[in-house]
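J.: Chains as they are written, first to last, in the UniProt record's numbering: chain A, 1 to 308; chain B, 1 to 338; chain C, 1 to 275. Virtual Cβ for every residue (Gly too), placed ideally from N, Cα, C. Starting off with a structure, shown below.
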Amino acid sequence: MTAIDQIPDLAPTAAGTAIPRARRMPRIPALQIIGAVMLVAVVLFSFGYPLLPAFDPYTQHLSLALTAPGVDAHHLLGTDSLGRDEASRLALAGRVTLGIVVAIVVVNSLLGMSIGIVSGYLGGKIDNLLMGLADVQLAMPVILVLIALAAAVGPSVWLMIGVLAATYWVGYARVARSVSLGLRERDFVLAPRIQGASGFWTVRRHIVPNVSVQMLILAVSDIGAVILLTSSFDFLGLGVQAPMPSWGLLISEGQKYVRQAPYLSILPGIVIFLVVAGLHLVSQRFTSESTPSRKRSPRTTQKKGARR
Amino acid sequence: MSDRPVLLEVTDLSVGYRTEDGAVVTLVDRVGFTLHEREVLCLVGESGSGKSVTMLAVLGLLPDGLEILGGSVVYRGRDLLDLTPREWSALRGAELAMVFQDPMTALNPVKRVGSQIARAVTAHTPGLGRRAVASRVETLLADVGVPEPAERARSYPHEWSGGMRQRAVIAMAMANGPSVLVADEPTTALDVTIQAQIMRVLADARERTEAAMILITHDLGLVAETADRICIMYAGRVVETGSVWDIFEHPTHPYTAGLLASLLSSEHTGDRVYAIPGQPPSPASRGTGCPFASRCELPAKSELCLTTRPALAPSGSSQSSACHFADATADFAAEVTA
Amino acid sequence: MNDSPAETVLAVDDLQVHFSTRGSRGARRTIRAVDGVSFALRRGETLGLVGESGCGKSTLVRTIFGLNTPVSGSIEVLGHRLAGLSSRRRRAIQNRVQLVFQDPYSSLNPRLTAHDIVAEPLRIAGRYSRGTVASLLDDVGLGADALAKRPAQFSGGQRQRIGIARALALHPDVLVLDEPVSALDVSVQAQVINLLKDLQEKHSLSYLFIAHDLSVVRYLSDRVAVMQKGKLVEVGSKDQVFDAPEHPYTRSLLASIPVADPRRRADAPTQLQES
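Written out as structure tokens, the structure reads:
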């Protein structure tokens, strides 16, 4: 199966065995609802909590340092080693982490989509060049590059975003390339070419809409991976820098007090788990929808170009 | 033909699927036909007419989601719809064999052609020696006109041309001397000259093994050249059935008459050809009346056609037609062919 | 065809299109997909081009539309040699020839409405108006209710009508019909063939009709060209090619078409054979 077959609308609909589309609409399984609830809970907390008066991520109450969750009514999730409100820090960390991750994924998917479409649509030497570049990117050890650059210019959020944005597009580019390569020779793309449309016209009207669906599916399933990746970098001190919190950084800070105050590491761990697992469960819906149903008999999908 | 013993009898077979909200959509609606020994029966219809689904149901190969809603399929006195999967695999390939439209889907691309045919042989004749199997494979390939069969057997499907692959599939189908060969559009994907060769190979194979054949096709030219009897299907129903001679000579259903009139034969050149108006109805919108009523141009057509489904009734010496006005079709046929 | 020598609208002269491939042992091999093809299509005429898969007819079509570059030879449209024109002028001339695709399922973008599909060439050329689109669809027998529907809501025959409307949008002189009915149901093929006949008369179109179905070619064509292995092995009037074929390949093609008349069978009952 090439990626092109995964675009639901483009699957050859030979009328031979007419099994209508409507019947194939999957119901939303319970797992996906659970995933969505997990995801929504974290997002609501991260973006809703800062609107409440209790939100105060920076003020230090040294006398209340390392208060366990549920002990102090003002700090329901406890406080950290400097007596800062843990709930506020978690919420702010969520905004920071999610913001960074979405920025990275958006930049990557747009970059990957553009490179992939140019590569697949133009083909030839440009394709070889761009895909060669992609192979080089894949071979590059991102963590080592980031460590080296952080050592040279000092670690910062922007450096991490920059390095990930410059390297993480390869997956998107590959998919975008194979989809546009397949589309390029499809009759409905040849039609405007024959009728005098410019390459830009054809790409904008016929390639981009079909590729972007794939990009969206890929991006949704990628967010979880990028959260884990940036959190690891934060944990290693290569990403977000204190006093600004991020989930990875909170785990890293909590690690020093893992015996007295295990909740400092556990709480952000739980939040990361909720988002990543939630995203995974939700994205299964996309992937299962975009994969052609196995239920159709093999011969009905083989009729393309057949003489009828 | 019909004096020969009956091999396969399909009665009132209905196939459909359930929608999400529990409604049943019928794809094949009370279809029945009889196949006699050594006979060629052609199932004719356009896409969506239910001809392929009918045969998949008969062979127990319905895809998931489709179910048999009623009827019976009796092969040599056994109802095939009651068979267990184990009984099916003993029967299919041995007594009922199939040839499909695309030979590539029937052949495993990573296995040598010879070993795939050998597998078909040993599946139903276990305990055959290595040598014996190899020589059987060679004979089978030679029988379908594959040159240098011993060598070709060692190559992979992708090294074969489309026509050669279809020959290999026919060799595989013939491996156990089946009594019924089902060929679903076996030449649709092939060029005309190759098509002619494959039809000859099929005819020779039947001659040798005395197998009966059900040929599923939309090509009336092929039908005219190969069929003994014809079943014309439209919108999931059999609308007309009879001997090839009678149906081509005097069709008794307006759909058949329209199809024959719209054929571009050497006789019409220049003038407009008759075209059946409209489109076939979708399975969900077939209504209670005659499914062809909306496209029918029979002058005798009446209110009855829209409300009551015509049953298949004798309309000639060998023919049956599912039309309320089968008697009036002859004049219509003459008019549209002119 | 009238007697006066009609204007030549499309002329292909000694066209050569080659591809080079690497063989299994790395040796370069040149495939002559189109090998010295010449023909002239006159106004209002239908030239049937017959050949089996791999004979080079699709390469020929692609080359006519500039998707392949010929090694040598020329393509002239309305007397203008395409290769010698400036790109702007070439576009205008090239648009006089339009293509109708074989497969109505893959030739329409499933995401667009019928209106957007037919409007596209008009928009590219900067001549769009909603009324034009509606009248084009009307021309091919589709009503105003078709405008907002997407390809999935149409049957194969209706989709092919949309494809024809799209090809007619820029008022071409020539339609290249690449197996336009072979993907359609039998009962619908005749409708589309009648439509093509009507349109030809109405717009005085010339057709290059490509098919492997000889009965359709015989019905529609004035002249017939038979292509084999990149070459035209026989070109002649319809009657000449069908009734007195000269080339052995033509003869074998003709012998292979199934005849939809059981009376011609060897095993036909004798009383039928006589009638």
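Roughly how many whole angstroms lie between the Cα atoms of Tyr-49(A) and Val-208(A)?
T.: What you label residue 49(A) is simply residue 49 of the first sequence in a count that begins at 1. What you label residue 208(A) is simply residue 208 of the first sequence in a count that begins at 1. Taking the straight line from one Cα to the other gives about 38 Å.
J.: Starting from the C-beta of Val-282(A), find all residues in its chain whose C-beta is less than 8 Å away, skip the five residues before and the five after it, and write them out in chain order.
T.: Looking up residue 282(A) in the first sequence gives position 282. If we look at Val-282(A) and ignore the five residues flanking it on each side, its Cβ neighbours are Gln-32, Gly-35, Ala-36, Leu-39 and Val-220.
J.: Which residue marks the beginning of the beta strand (DSSP E) containing His-36(B), and which one marks its end?
T.: Residue numbering aside, residue 36(B) sits at position 36 when the second sequence is read from its first letter. Note, His-36(B): beta strand (DSSP E), 24–36.
J.: Look at the alpha carbon of Ala-22(A) and the alpha carbon of Pro-149(B), and state the distance between them as a whole number of angstroms.
T.: For the purposes of this step, residue 22(A) is taken as the residue at position 22 of the first sequence. For the purposes of this step, residue 149(B) is taken as the residue at position 149 of the second sequence. In this predicted model, Ala-22(A) has a pLDDT of only 42, less than 50, meaning its place in the structure is not dependable enough to derive any value.
J.: For Ala-178(C), list the residues DSSP reports as bridge partners.
T.: Counting from 1 along the third sequence, the entry for residue 178(C) is found at position 178. Sequence check: residue 178(C) is Asp here, not Ala. The partner list for Asp-178(C) (beta bridge, DSSP) reads Ile-210(C).
J.: Within its chain, find whatever has a CB closer than 8 Å to the CB of Thr-307(B); leave out the 5 residues flanking it on each side and keep chain order.
T.: As a first step, residue 307(B) must be located in the second sequence, where it is residue number 307. Cβ neighbours of Thr-307(B) beyond the five flanking positions: Thr-288 and Gly-289.
J.: Would you report the Cα separation of Ile-68(B) and Ala-23(B), rounded to the nearest angstrom?
T.: By 1-based counting over the second sequence, the position of residue 68(B) is 68. By 1-based counting over the second sequence, the position of residue 23(B) is 23. Ile-68(B) and Ala-23(B): Cα-Cα distance of roughly 15 Å.
J.: When DSSP builds the beta bridges, which residues end up paired with residue 307(C)?
T.: In the structure as shown, chain C starts at 1 and stops at 275, and residue 307(C) therefore has no counterpart that could be examined.
J.: Starting from the C-beta of Pro-281(B), find all residues in its chain whose C-beta is less than 8 Å away, skip the five residues before and the five after it, and write them out in chain order.
T.: In the second sequence, the residue the question calls residue 281(B) occupies position 281. Ala-235, Gly-287, Pro-291 and Ser-294, listed in sequence order.
J.: Check the DSSP bridge columns for Cys-42(B) and list the partner residues they point to.
T.: On the second sequence, residue 42(B) is found 42 positions in, with the first residue counted as 1. Its beta-bridge partners are Leu-215(B) and Ile-230(B).
J.: For the segment 198–218 of chain B, which residues have a CB atom closer than 9 Å to at least one CB atom of chain C, in sequence order?
T.: Cβ contacts with chain C: Met-199 and His-218.
J.: Note down, in chain order, every chain C residue with its Cβ under 8 Å from the Cβ of Gly-196(A).
T.: Here the question's residue 196(A) lines up with position 196 in the first sequence. What Gly-196(A) touches in chain C: Arg-91, Gln-94, Asn-95, Pro-121, Ile-124 and Ala-125.
J.: As a quick exercise: from Leu-164(A), Ala-65(A) and Gln-137(A), pick the residue whose alpha carbon is nearest that of Leu-238(A).
T.: Walking along the first sequence from the start, residue 238(A) turns up at place 238. Closest option to Leu-238(A), Cα to Cα, is Leu-164(A).
J.: Ignore the nearest five residues each way along the sequence and tell me which others in Val-146(B)'s own chain have a CB closer than 6 Å to its CB.
T.: Position 146 of the second sequence, counting from 1, holds the residue named residue 146(B). If we look at Val-146(B) and ignore the five residues flanking it on each side, its Cβ neighbours are Arg-152 and Arg-167.
J.: Output needed for Asp-243(C): all residues of its chain with C-beta closer than 6 Å, excluding positions within five of it in sequence on either side, in chain order.
T.: Numbered from 1 along the third sequence, position 243 holds the residue referred to as residue 243(C). Within the same chain, Asp-243(C) has no close Cβ partners at all.
J.: Report the rounded CA-to-CA distance for Arg-24(A) versus Glu-20(B), giving the unit in angstroms.
T.: Numbered from its first residue, the first sequence carries residue 24(A) at position 24. Numbered from its first residue, the second sequence carries residue 20(B) at position 20. Bear in mind that the predicted position of Arg-24(A) carries a pLDDT of just 46, short of 50, making it unreliable; the figure below should be weighed with that in mind. Computed Cα separation, rounded: 9 Å.
J.: Could you tell me the alpha carbon to alpha carbon distance between Gly-70(B) and Leu-107(B), rounded to whole angstroms?
T.: Numbered from 1 along the second sequence, position 70 holds the residue referred to as residue 70(B). Numbered from 1 along the second sequence, position 107 holds the residue referred to as residue 107(B). Looking at the two C-alpha atoms, the distance is approximately 33 Å.
J.: Interface residues of chain C around Ala-176(A) at Cβ under 8 Å?
T.: Within the first sequence, numbered from 1, the residue matching residue 176(A) stands at position 176. Within 8 Å Cβ-Cβ: nothing; Ala-176(A) doesn't reach chain C, min ~17 Å.
J.: Would you mind stating whether Arg-193(A) and Leu-112(C) have Cβ atoms separated by less than 9 Å?
T.: Translated into positions along the first sequence, residue 193(A) becomes position 193. Translated into positions along the third sequence, residue 112(C) becomes position 112. Cβ atoms of Arg-193(A) and Leu-112(C): not closer than 9 Å.
J.: With DSSP as the reference, label residue 277(C) as helix, strand or coil.
T.: Absent from the model: residue 277(C). The displayed extent of chain C is 1 to 275, so no value can be given.
J.: According to DSSP, which residues form a beta bridge with Gln-98(C)?
T.: Residue 98(C) sits at position 98 when you count from the first residue of the third sequence. Looking at the DSSP assignment, Gln-98(C) forms a beta bridge with Leu-175(C).
J.: When you compare the CB positions of Gln-195(B) and Pro-258(C), do they come within less than 9 Å of one another, or not?
T.: Counted from its first residue, the second sequence places residue 195(B) at position 195. Counted from its first residue, the third sequence places residue 258(C) at position 258. For Gln-195(B) and Pro-258(C), yes; Cβs fall inside 9 Å.
J.: Name the residue from Val-233(C), Gly-84(C) and Ser-129(C) whose alpha carbon lies nearest to the alpha carbon of Gly-56(C).
T.: Reading the third sequence from its first residue, position 56 is the one you call residue 56(C). Residue Val-233(C) is the option with its Cα nearest to Gly-56(C).
J.: If contact means a Cβ-Cβ distance below 9 Å, which residues of the segment 304–325 of chain B contact chain C?
T.: If the cut-off is 9 Å between Cβ atoms, the segment 304–325 of chain B has nothing near chain C.
J.: Do Val-188(C) and Gln-279(B) count as a contact pair if the criterion is CB distance below 9 Å?
T.: For the purposes of this step, residue 279(B) is taken as residue 279 along the second sequence, with counting starting at 1. For the purposes of this step, residue 188(C) is taken as residue 188 along the third sequence, with counting starting at 1. Yes.
J.: In whole angstroms, give me the CA-to-CA distance for Asp-219(B) and Val-44(B).
T.: Locating residue 219(B) in the second sequence gives position 219, counting from the first residue. Locating residue 44(B) in the second sequence gives position 44, counting from the first residue. Each residue's Cα considered, the two are about 8 Å apart.
J.: Quick check on Pro-269(C) - is its C-beta less than 9 Å from some C-beta in chain B?
T.: For the purposes of this step, residue 269(C) is identified with residue 269 of the third sequence, where counting begins at 1. Yes - at least one Cβ of chain B is within 9 Å of the one on Pro-269(C).
J.: Can you name the residues of chain C whose CB is closer than 7 Å to the CB of Phe-332(B)?
T.: Taking the second sequence and counting its residues from 1, one reaches residue 332(B) at position 332. Residues of chain C passing the Cβ test: none, with the nearest at roughly 15 Å.
J.: Can you find at least 3 beta carbon pairs, one from the segment 195–206 of chain A and one from the segment 133–153 of chain A, that sit closer than 8 Å?
T.: No contact exists between the segment 195–206 of chain A and the segment 133–153 of chain A.
J.: In the DSSP output, which residue or residues are listed as bridge partners for Leu-236(A)?
T.: Translated into positions along the first sequence, residue 236(A) becomes position 236. None, per the DSSP bridge assignment.
J.: Hey, Asp-213(C) and Val-223(B): beta-carbon distance below 9 Å or not?
T.: For the purposes of this step, residue 213(C) is taken as the residue at position 213 of the third sequence. For the purposes of this step, residue 223(B) is taken as the residue at position 223 of the second sequence. No. Outside cutoff.
J.: Measuring straight from C-alpha to C-alpha, what distance separates Leu-146(A) and Gly-162(A)?
T.: To locate residue 146(A), count along the first sequence from 1; it is residue 146. To locate residue 162(A), count along the first sequence from 1; it is residue 162. Computed Cα separation, rounded: 10 Å.
J.: What's the gap between the Cα of Val-181(C) and the Cα of Arg-229(B)?
T.: Locating residue 181(C) in the third sequence gives position 181, counting from the first residue. Locating residue 229(B) in the second sequence gives position 229, counting from the first residue. Near 27 Å, if we compare the C-alpha coordinates of Arg-229(B) and Val-181(C).
J.: I need the boundaries of the alpha helix (DSSP H) containing Glu-207(B), first residue and last residue.
T.: Along the second sequence, read from residue 1 onward, the residue named residue 207(B) stands at position 207. Start and end: 192–209.
J.: Can you tell me where the alpha helix (DSSP H) with Ser-252(C) in it begins and where it stops?
T.: Here the question's residue 252(C) lines up with position 252 in the third sequence. Unbroken alpha helix (DSSP H) run through Ser-252(C): 248–256.
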